[in-house]
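Colleague:
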Amino acid sequence: MSSIFTKIISGEIPAYKVAENDDFLAFLDINPNAKGHTLCIPKKEINKIFEMEEEHYLKLMKFSREVAIALEKAIPCKRIGMAVVGLEVPHVHVHLIPLQEMDDMRFSKKEKLTPEEFVEVADAIKSKL
Ligand code: 5GP
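All the letters of the sequence shown, read from the start, carry residue numbers 4 to 132 under my numbering.
1. For a test of the three-state rule: what should DSSP assign to M85, helix, strand or coil?
2. Just the Cα atoms here: how many angstroms apart are I33 and A18?
3. Measuring CA to CA, which of K38, N36, V124 and I100 is closest to S67?
4. Note down, in chain order, each residue of its chain lying with its Cβ closer than 7 Å to the Cβ of I44, except the 5 sequence neighbours on either side.
5. Out of D25, K46 and K20, which has the shortest C-alpha to C-alpha gap to P118?
6. Is there at least one non-hydrogen atom of the ligand 5GP closer than 8 Å to the beta-carbon of A125?
7. Thinking just about the alpha-carbon of each residue, which of V92, K112 and R82 is nearest to the one in I11?
8. Which of the three DSSP states, helix, strand or coil, is assigned to T117?
9. Between the alpha carbons of K47 and L90, how many angstroms are there, rounded?
10. For the alpha helix (DSSP H) that H59 lies in, which residues bound it at each end?
11. Of the residues S5, E58 and L42, which one's Cα is nearest the Cα of V70?
12. In whole angstroms, what is the alpha-carbon distance linking L102 and E75?
13. To the nearest angstrom, how far is the alpha carbon of E56 from that of E120?
This is how it looks when you write it as structure tokens:
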């Protein structure tokens, strides 16, 4: 069965996309720790990040860095935190989280955004890429 993120790639499930190329996609986390919380994923469905081929993994890091730089320009924050977990969705994803405090890296802390706010945040990040 396809992962929920594969369904986002195919357009079966909607997402607030911020960046895309042939191999990778970045979109806003639907249940963000903080405003601007973004997920960077490979289009190829792979369960665990360290199962990726080295070159593919390095390309994901390059893509994530580009998105993180734009994210830091778009969302007021002290810095961008990065995490890889994957306990909920078994499809590689890099969490990029604008940080104000250490608690923003706790996945129990959640921010509520309206659909309009999600669009605004996605547009702000895209404008800095
Ligand atoms: P993890 O697998 O790293 O524990 O967490 C998965 C992350 O994906 C969570 O932060 C969760 O909010 C996010 N997520 C789960 N389902 C969806 C979805 O359908 N759309 C989006 N945009 N994010 C999702």
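For glycine and all other residues, C-beta sits at the position ideal for the given N, C-alpha and C.
Modeller: Taking the coordinates as given:
1. Looking at M85 - three-state DSSP - the assignment turns out to be strand.
2. Per the coordinates, the alpha-carbon of I33 lies some 8 Å from the alpha-carbon of A18.
3. Ranking K38, N36, V124 and I100 by CA distance to the CA of S67 puts I100 first.
4. Listed in chain order, the non-local C-beta contacts of I44 below 7 Å within the same chain comprise F8, F27, L28, H94, V95 and H96, local neighbours out to five positions each way being set aside.
5. Minimum Cα distance to P118 is reached at K20.
6. No, since every heavy atom of the ligand 5GP falls outside the 8 Å radius drawn around the Cβ of A125.
7. The residue with the shortest Cα to Cα distance from I11 is V92.
8. Looking at T117 - three-state DSSP - the assignment turns out to be coil, as it is neither helix nor strand.
9. Going by the C-alpha atoms only, they are around 18 Å apart.
10. Segment E57 to A77, the alpha helix (DSSP H) holding H59.
11. Closest by alpha carbon: L42.
12. Straight-line Cα distance between these residues: approximately 9 Å.
13. One alpha carbon belongs to E56, the other to E120, and they sit about 36 Å apart.
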